[in-house]
Amino acid sequence: MAIKVKAIIGSTSSTSFNLKLVTFMKNRYAEQLDITPVFVNDLEMFSIDIENNPSENVMDFKNNVKDSDAVLFAVPEYNFSIPGALKNAIDWLSRGGEFTLPGKPAFIVGSSMGAFGSIRAQLHLREILSNPTLAPALLQGNEVYIGSVHEKINEAGELTDQATIDFLDAVVKNFVEFYNKNNATVHA
Ligand SMILES: Cc1cc2nc3c(=O)[nH]c(=O)nc-3n(C[C@H](O)[C@H](O)[C@H](O)COP(=O)(O)O)c2cc1C
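As numbered in our numbering, residues 315 to 502 make up the sequence shown, in order.
Written out as structure tokens, the structure reads:
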């Protein structure tokens with residue numbers, strides 16, 4: 315059975331390359347991964363004033379992440395870091411008395427128009443996720459930095475760069491192995 319993966323889309327753009335990347339992965343890896351994109355656009359700004367009384371959008375988001383076997387982060391780079399909307403969503407996950415990420419298998423992909431393919435954003439994301447209230451079981455290595463993404467995804471939203479596709483194939487295979495190993499340990 316395919317692993318139920320909630321893919322947190324770090325972009326708020328309706329034409330997001332990272333969303334296109336996740337859509338490509340959803341189709342290509344459907345046998346192994348049952349990927350559903352989860353959006354961060356409509357989440358109000360986190361405040362301690364409302365952390366115990368979140369809106370329906372926030373509750374839906376939190377429940378969506380909770381209701382998964384695994385999480386995929388799809389990360390654009392804004393000014394050498396992750397977009398504010400993604401940080402806000404992660405802040406929501408870190409508060410409110412119920413923590414859904416700790417120990418959950420997760421992996422990261424990211425793309426940007428710049429040459430370095432969101433590497434700085436992903437480094438920040440890994441640091442953020444190391445907070446104990448978040449702390450998913452992150453696949454190490456297998457770092458997916460897709461630079462100049464606008465030249466690698468066509469009009470139809472398909473990834474066309476064969477080297478990138480080959481690398482993604484390997485990363486997904488590694489993630490599935492990691493997931494199965496993690497699950498075997500958890501249930502031992
Ligand atoms: C506010 C802002 C800051 C950006 N900063 C970076 C950056 O630091 N590095 C980079 O490679 N691209 C940067 N970009 C370009 C993004 O890589 C590009 O907009 C990309 O398409 C974002 O991903 P998305 O299409 O999934 O939203 C920036 C774009 C915006 C709007």
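We treat Cβ as the ideally placed atom computed from N, Cα and C, and that holds for glycine.
If you check the CB distance, PRO450 and LYS418 come in under 8 Å. Taking a C-beta distance under 8 Å as the contact criterion, ASN371 and LEU357 qualify as a contact pair.
Going by C-alpha positions, ALA435 is about 7 Å away from TYR392. Counting only runs that start and end inside the stretch 369 to 408, the beta strand (DSSP E) elements of at least 3 residues fall at 384 to 389. Inter-residue distance for ALA388 and VAL458 is about 10 Å (C-alpha atoms, whole angstroms).
Counting only the Cα atoms, ALA403 lies some 17 Å from ALA384. The three-state reading of DSSP puts TYR493 in helix, counting H, G and I together. Taking C-beta atoms under 8 Å as the contact rule, LEU335 and ILE442 fail to qualify, at a distance of about 21 Å. Annotation for ASP405: PHE360 place their beta carbon closer than 6 Å to its own, counting only its chain and skipping 5 residues before and after. Unbroken alpha helix (DSSP H) runs of no fewer than 4 residues, entirely contained in the stretch 442 to 500, are found at 476 to 500, following chain order. In terms of Cβ geometry, ILE422 and LEU439 form a close pair [threshold 8 Å]. When DSSP reads this structure, LEU347 sits in a beta bridge with ILE317. Every residue whose Cβ sits closer than 5 Å to any heavy atom of ligand 1 is listed here in chain order: SER325, SER327, SER330, PHE331, ASN332, PRO390, GLU391, TYR392, ASN393, PHE394, SER426, MET427, GLY428.
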